[in-house]
Each structure stands twice: as C-alpha cells, then as structure tokens.
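Protein chains in written order, with the working numbering: chain G, 2 to 249; chain S, 8 to 361.
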C-alpha cells in the first residue's frame, strides 16, 4: 500500500506537551516538513525559546539549543557566525520575540543575519498561564489585563512584520495563519521559503504565524480558530511585508 | 616563535586569545576594556574570524553562548556594569556546562560608578555571577604577561571542566603596558570542536541530536546536575588552585592581595623587611577555586594576615574562612578607583607588626 501521509522525519517520536487545540503542533510539523524537503536536517541547528515551545529541543531531530528568554536571535547569530554553512533557525513566541527579546529581534534583522525565524503570535503568554503579551489585542482579557487591554495604560499591540519591514536589511517577512486548511497551506509555503532563502544565502527571513491559545483564551479549539479569523487577522493582516526577491 | 613585545594588558589578552584558536569575539564598548574589542575588530577580519559589536552586553554573551555551543573557542569582554548585564547569560553557560572566556576589567561601582581601577566585583564573580547554584573559574592576573598566559589557561581549564572561565583584572592591568612574551605556537581553531562530542555542529545524519540546555523540569534530575557540577568544582579545587608565595619562609605577617595591589604590596614588603619586619605575601592567582590550603598552612605559623584590596573587604572574608578565623585578618583598602601607595601598605604592615 502506498504511503500517502506520514510524520516528517525531522520530528522525533517524543509526545508533544502542547494543550489540545494548540497550533504549535501544526507549525512544528511545517518546520519539519521544510527541513525534510530541503534535505538539511543533518546541518540544521534549531534554537528553542522560553515559553510554551521551550521544549521544542525534544521535538526536532536536528541539533538544538535552548536559549534564555528573548535571546534566541543572539544565540542564533553566534551559531551562524561560527558555522556559516549550517542552517540555523529560531522558534519564538510573542513574549519572547516581541517583548523581552525585541532588541535582539530588531538588531538581528538589522544586521541581516542569514537565519530563519519562526515567530508564533498568539497574543498571550501561554506558559505562565495567560498574561498580557505585547501582541494582545485591544480589550483582550488576560490574567494581567483583567478589565481588557486598555491602550491608555497598557499601550497598543505591536505589529512585528510591519516594524521590521521598515528596516533595509531583512530579506523576507511574511505573516501567515494556521486556523484553516487554506491558511496552513500558505503557511507551509512561507516557512519553506524562509528556510530556502537561508540555504541560498539570501539573508534574514522571518515568518510570523498567527496562532491560537485555546486554553488561555478560554475558547474551544474551533472557536479559537474563529477568533483568529474574526479578531486577530483584521489587526494582523496576512501577507508578504518584505521580499527582496520581488524588488529588482 | 616566541617574541617579546610591549603591549597593553587588554591587547595582550586579545592577541593571546587569537593565538589560542579563538576566532569568535562578541563585545560591546565599555571603559576600561574597549581596547580588547578594538584589537579584535582589526585582527579578526584578517584571519577569517568573527568580530561582532553586539547591540548590548546581553546579546554579546548570548552570541558567545551560541558560538560556544558549536564547540568553538568564543569570548566576550566587558567591565563591571556590563558584567551585571551578562550575569543571566553566564548562568545559562554554567547551566549548560559550556566553556567560554569572559574578561572582566573591573572599574569602581556600584551603579555607573567610575572608570578607574577596582576589585569590587570580587564577591559577584567568585560566588557565581548569576542566578542559581554555580561557579565559574576566576583567574586574577597581576602582570601583562599573566594577562596573556591566563587567557590560554582560562580556555584550557574551561574546556577541561566544562565551565565558563573569567579573567578578573582590575582596570590597571587592562591599561598598563609591559613587555610580554606571547604564546609562540598557535592553536588551529579547526581542531577544537572535534574534541567536544557534545557540540551542536549538525548531526550529519550520523548521530542522535545534541541538545545544549539548562532546563530540567524534574527536580530529581536538576538536583543530580547540581550535585554533578559541584563534584567537578571539588576536583577543580583539588587540582587547579594556583597562588604565588613571596618571602613567606620566615614570615610572621602574611599579606594577601591580587592584581595591582599585590604589586604595590611587594614594594611595601621589601621596605618592611629593611625595617626588620618579617612579612611575606600569598597572592591568590585562582580566585575560584580560592587557594585555601596554603592560607590555612600559613595560619599555623604567622601572627596575622593583612589583605590589601580595592574593595570594602571582600577577599578579606575568604581569608577568614580559609583560616577558620584562627588569626586576625586586618585590611588595607582603597575604593572608588583610588589605589593605595606602598607607603600606605607599609604603614598597615607596621601596625600589624606591633
């Protein structure tokens, strides 16, 4: 019987610890598929963040490093400068990349480091139990914004792709989502491209994946996907924010 | 080929590191260590190495974490306030058992403090600079020659014991010029990662994946890693303590001092000897591990100790602990960037001789 569907080789057999309905599993799979398709597992080094995906080092079969909170792009820089022929990626959440690690994010993008960043934006701190993230929406109720995020005292959500698009150096910035089959297919293309760019030496590539957190949003997995469509995407429009290939 | 050249202490560290096979330097400007970064920025591009001026001290130490994870000899350098920022990264290096070189050319504090020499990071460095139970190797050079020699020692000990290692110099050591014989034979940087089977160099599809990590959510596992690490520290203390003894044969007073104040103290000791005062010195070279044994041995015969320090008495406490408070441990200190003259130290020695 022909195999029509199988687990990507770049994923280990470890059981994922993520909550039911969480989209980390989908994105892990897409990253692993990209690694498989490009045949780069043996020379890839991944950097796990602090947050829900801290244990990503157990799930990817390539060599892995666990970084301190927000510093994955700096760690990735150290790895890439040491081994320029290796493929280096970071996998970071919104607290890690857009709050505590914002300086590293912007500076690494500004240097145009030839690395790949997978940025999971689910508008909340998941691992610590649902606090306000830099990307939490206006009015979003979290443990630390119990009356809803108030822009007057808690500021506005940050749009990372738009922010980084103002820089000259990044090669590729795209925002995707994984709340529907169509969106997952587009996310797969974007993630593959972000890795291929690095293989081809094109420079800094970041894919922002608008994701879900059913547990801390207090929604069923299905309703969480709806929330992405109705609330998240209008504030975080999907699309390509920068692609140096397209600029001639 | 060994050659004798006149160099600043900071530059001697940089050149020695290159000759030890270090090709990855990540730093951020801060006085009084910036010559290290300046030297690296000139040399590294010519020899295929990396000089990267990071966006912050925090980023720099994490770049070191990344480069060290690949098994390369990697380093950063800074001065006291910058080391505070690096503390988190140093804790992660220690937690992941990664060897790397960190240079701290100390200036006065706390806060922004000043830019003149100090030894006031003594506690901070010797107790493990960062959160959690850990130590790093701490070496205290007192000459430009030692700045160069200890750079090599720091890389070698760090790799042997899988620990971060620090050169802890006072600002004087970084800024002064002296003749120095640099290591003649250079280490081929390409040979180093092969000695580290734990490094993340890519599996090449030939082995299970390596993971560089300091997270252990199971308490019994985390406890085990702590115990194992401290067994290594015990071995380090047993085998790698280094110190210099000066005129200790018949000494009744034992001066204990490091770095620039050890040099000032030597002059004071010579002057005191001319007055008939039997005084000598034990100069700790490794601050972690602290040379407790020679101090305890000295305590059996001397009347008392005198620490000469550029802080408010931090090493003084370690001497008291080393000798189990069996003798008086007096102190002669200046802080804030002030350095005691030989006359001040001599006066302190005379006082203890009475």
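Quick reminder that beta carbons are idealized off the backbone N, C-alpha and C, glycines included.
Between the stretch 8 to 16 of chain S and the stretch 52 to 71 of chain G, the count of C-beta pairs closer than 8 Å stays below three; the two stretches do not touch.
Under the DSSP assignment, residue 135 of chain G falls outside any alpha helix (DSSP H); it carries neither an H nor an E label. Between residue 356 of chain S and residue 313 of chain S, the beta carbon gap of about 6 Å places them in contact (Cβ cut-off 8 Å). Under the Cβ distance rule, residue 108 of chain G counts among the residues neighbouring chain S, one pair being separated by less than 7 Å. Counting only runs of at least 3 residues, the stretch 255 to 320 of chain S fully encloses the following beta strand (DSSP E) elements, listed from N- to C-terminal order: 260 to 264, 286 to 291, 293 to 295, 311 to 316. In terms of Cβ geometry, residue 64 of chain G and residue 209 of chain S form a close pair [threshold 7 Å].
The Cβ of residue 66 of chain S sits closer than 7 Å to at least one Cβ of chain G.
Note on residue 215 of chain S: under 16 other CB atoms within 10 angstroms of its CB, so exposed under the neighbour-count rule.
Its chain contains 228 as the residues whose beta carbon lies nearer than 7 Å to that of residue 220 of chain G, once the 5 sequence neighbours on both sides are disregarded; these appear in chain order. With a threshold of 7 Å between beta carbons, residue 14 of chain G makes no contact with chain S. Runs of the alpha helix (DSSP H) spanning 4 or more residues and lying entirely within the stretch 31 to 114 of chain G occur at 57 to 60, 73 to 83, 103 to 112, in chain order. Under DSSP, residue 12 of chain S takes part in a beta bridge, and its partners are S/187. Listed in chain order, the positions of the stretch 58 to 74 of chain G with a beta carbon within less than 9 Å of a beta carbon of chain S are 58, 59, 61, 62, 63, 64, 65, 66, 67, 68, 69, 70, 71, 72, 73, 74. Counting only residues of its own chain and dropping the five nearest sequence neighbours on each side, residue 205 of chain S has a CB closer than 7 Å to the CB of 217. Under DSSP, residue 124 of chain S shares a beta bridge with S/114. With fewer than 16 neighbouring CB atoms inside 10 Å of its own CB, residue 332 of chain S falls in the exposed class. Residue 198 of chain G: member of the alpha helix (DSSP H) spanning 182 to 200, first to last residue.
For the stretch 174 to 218 of chain S, the continuous alpha helix (DSSP H) assignments of 4+ residues that do not extend past its boundaries occur at 178 to 182, in sequence order. By a beta-carbon distance limit of 8 Å, residue 70 of chain G contacts residue 51 of chain G. Their separation comes to about 4 Å. Minimum Cα-Cα distance from residue 183 of chain S among the listed residues S/197, S/164, S/153 corresponds to S/153. Only buried fits residue 212 of chain G, as 16 or more other CB atoms lie within 10 angstroms of its CB. Neighbours of residue 217 of chain S in chain G, taken as residues at a C-beta separation under 8 Å, are given in chain order as 64, 65. The continuous alpha helix (DSSP H) containing residue 132 of chain S extends over residues 129 to 133.
Any Cβ of chain S closer than 7 Å to the Cβ of residue 175 of chain G would place that residue at the interface, and such an atom is absent.
Note that the C-beta distance between residue 164 of chain G and residue 110 of chain G is not below 7 Å.
Going by C-alpha positions, residue 233 of chain G is about 24 Å away from residue 194 of chain G. Between residue 110 of chain S and residue 47 of chain S, the alpha-carbon positions lie close to 14 Å from each other. One finds 75, 78, 79, 82 in chain G with Cβ atoms closer than 9 Å to the Cβ of residue 33 of chain S, taken in chain order. At a C-beta separation below 8 Å, residue 240 of chain S has no neighbours in chain G, since its nearest C-beta there lies roughly 22 Å away. For residue 81 of chain S, the enclosing beta strand (DSSP E) stretches over residues 81 to 85. Rounded to whole angstroms, the gap between the alpha carbons of residue 9 of chain G and residue 186 of chain G is 16 Å.
The residues 9, in chain order, have a CB closer than 6 Å to that of residue 34 of chain G in the same chain once the five nearest residues on each side in sequence are set aside.
Judged by DSSP in its simplified three-state form, residue 139 of chain S adopts coil rather than helix or strand. Here DSSP, grouped into helix, strand and coil, assigns residue 178 of chain G to strand.
DSSP places residue 206 of chain G in the uninterrupted beta strand (DSSP E) bounded by 206 to 211.
Exclusion of the five residues before and after residue 215 of chain G leaves 20, 21, 22, 23, 221, 222, 224, 225 as the residues of its chain whose Cβ lies within less than 8 Å of its Cβ.
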